[in-house]
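Report on one structure; see the data block that follows.
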Amino acid sequence: MSIHIKNISKSYRDKKALQNCTLTLNAGIYALLGPNGAGKSTLMNILAGNLLPDSGEILYQDGQAPAQNILKMGKNYRSKLGFMPQYPGMYPNFTVEYFMKYMYYLKCADKENKKSRTHGGAQTEITEILKAVELYDVRDRKIQALSGGMKQRLALAQAVLGEPSVLILDEPTAGLDPRQRISIRNYISQIALDKIVLIATHIVSDIEWIAQNVILLKQGVVVDFGSPHHLISKMDGKVWELKAEKEDLTEIQTHFRTVNLTQDEKEESIVCIRVLSDIRPAENAVCVGPSLEDYYLYVFGTET
Ligand SMILES: Nc1ncnc2c1ncn2[C@@H]1O[C@H](COP(=O)(O)OP(=O)(O)OP(=O)(O)O)[C@@H](O)[C@H]1O
Ligand SMILES: [Mg+2]
416 MSIHIKNISK SYRDKKALQN CTLTLNAGIY ALLGPNGAGK STLMNILAGN
466 LLPDSGEILY QDGQAPAQNI LKMGKNYRSK LGFMPQYPGM YPNFTVEYFM
516 KYMYYLKCAD KENKKSRTHG GAQTEITEIL KAVELYDVRD RKIQALSGGM
566 KQRLALAQAV LGEPSVLILD EPTAGLDPRQ RISIRNYISQ IALDKIVLIA
616 THIVSDIEWI AQNVILLKQG VVVDFGSPHH LISKMDGKVW ELKAEKEDLT
666 EIQTHFRTVN LTQDEKEESI VCIRVLSDIR PAENAVCVGP SLEDYYLYVF
716 GTET
């Protein structure tokens, strides 16, 4: 199973949101990283079939069968798809469980959802998912009475209904507290087996442990693509830590990109600085191991 994104471009009036995006997605978790306005949601809405591109096409390929345009596949594609939009609209008067049943019948009722039936049907699947996203205890609560984080988890829950083979999640952990973030992250990686999962975020820590591939989107252009390990290795020899007098900080920051700053534990007048630089930024600077966040900041710099 694979999805071929071929030369996709999209503009809103004169704003180019996507420019000639070309990518192939196979089974695995892909992180779509980029700052606000990079075009992540635009690409996801096109992949979900909710938005038409100005040019280019999205092809879906299953095994040895010929690739098909998703727009021509219609229901056949939608039945394989789970989509969590960035700003989902959910009926405020529905209870959590009723909403899940409603979404189940919209997604699964008119197709032979054999997998789901062998697992015991709608109710079992809904119960399992609600337990996994920790909403089972509030299943009788109306959506309007849920907290922001609960609504976020309900949006994820409806996306995974019907065991979709393509899962598109637009900022699934936005607004969650740290414990929920980790729990949702683990849940996504657990259900991702044999699926194409695309996760948009601008929070690197959300995906660096679970994504096998990272796509960097900058002003509508795919500027890099690769495994976290491959992207991190591009920063070898470019990340430095040094100590400096506080009064020299502004001078250092005008010459080098600072990614972290802490007060020295012993000396009040000293700061510890982490900078990105192709050359040694100061005599006392020590070259340290890079992280994915360093690479993200290297690529996006002041845009973030
Ligand atoms: N409906 C629209 N009408 C006009 N411009 C739009 C519309 N939707 C998006 N844009 C513009 O297209 C660009 C890409 O937007 P998009 O929402 O895809 O970015 P994003 O990467 O998802 O950002 P964020 O991280 O803030 O969610 C932005 O400049 C945005 O202002
Ligand atoms: Mg977005």
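If you're matching positions, the sequence shown starts at 416 in the working numbering and goes up one per residue. We put the CB at the ideal spot given by N, CA and C, even for glycine.
Not a single heavy atom of ligand 2 lies less than 8 Å from the C-beta of residue 567.
Here residue 502 carries a coil assignment [DSSP, helix/strand/coil].
When Cβ pairs closer than 8 Å are counted between the two stretches, the segment 599–609 is seen not to touch the segment 502–521, the count staying below three. Under the Cβ criterion (8 Å, minimum of three pairs), the segment 439–448 does not count as touching the segment 481–495. By alpha-carbon distance to residue 499, the top candidate from 554, 567, 490 is 567. Within 8 Å of the C-beta of residue 573 there is not a single heavy atom belonging to ligand 2. Bridge partners of residue 624 according to DSSP: none are assigned. Proximity of the segment 652–659 to the segment 686–693 meets the contact definition, three or more beta-carbon pairs being nearer than 8 Å. The closest CA to that of residue 673, considering only 633, 680, 686, 542, is found on 686. Linking residue 620 to residue 689 through their CA atoms gives a straight-line distance of about 18 Å. By the criterion of a C-beta distance shorter than 7 Å, residue 625 is surrounded in its chain by 444, 600, 603, 604, once the five residues flanking it on both sides are discounted. Spanning the alpha carbons of residue 636 and residue 437 requires a straight line of approximately 9 Å. Closest option to residue 522, judged by alpha-carbon separation, among 433, 569, 699, 497: 497. In the DSSP secondary-structure assignment, residue 476 is bridged to 417. Using a Cβ-Cβ distance cut-off of 8 Å, the segment 546–556 and the segment 581–589 are not in contact, since fewer than three pairs of beta carbons, one from each stretch, lie closer than that value. Of the residues 416, 435, 429, 428, the one whose Cα lies closest to the Cα of residue 632 is 435. Counting the other CB atoms within 10 Å of its CB gives residue 643 a total of 16 or more, which places it among the buried residues. Listed in chain order, the non-local C-beta contacts of residue 661 below 6 Å within the same chain comprise 684, 686, local neighbours out to five positions each way being set aside. In the structure shown, the three-state DSSP call for residue 454 is coil. At least one heavy atom of ligand 2 falls within 8 Å of the beta-carbon of residue 501. Going by C-alpha positions, residue 441 is about 22 Å away from residue 617. At least one heavy atom of ligand 1 is found less than 8 Å from the C-beta of residue 585. The C-alpha of residue 516 is placed about 42 Å away from the C-alpha of residue 706.
Here the alpha carbons of residue 639 and residue 575 stand approximately 28 Å from one another. Residue 480 is classed as exposed because its beta carbon has fewer than 16 other beta carbons within 10 Å across all chains shown. Residues of the same chain with a CB within less than 6 Å of the CB of residue 612, apart from the 5 flanking positions on each side, are 444, 582 in chain order.
Sorted by chain position, residues whose beta-carbon lies closer than 5 Å to a non-hydrogen atom of ligand 1 are 427, 432, 451, 452, 453, 454, 455, 456, 457.
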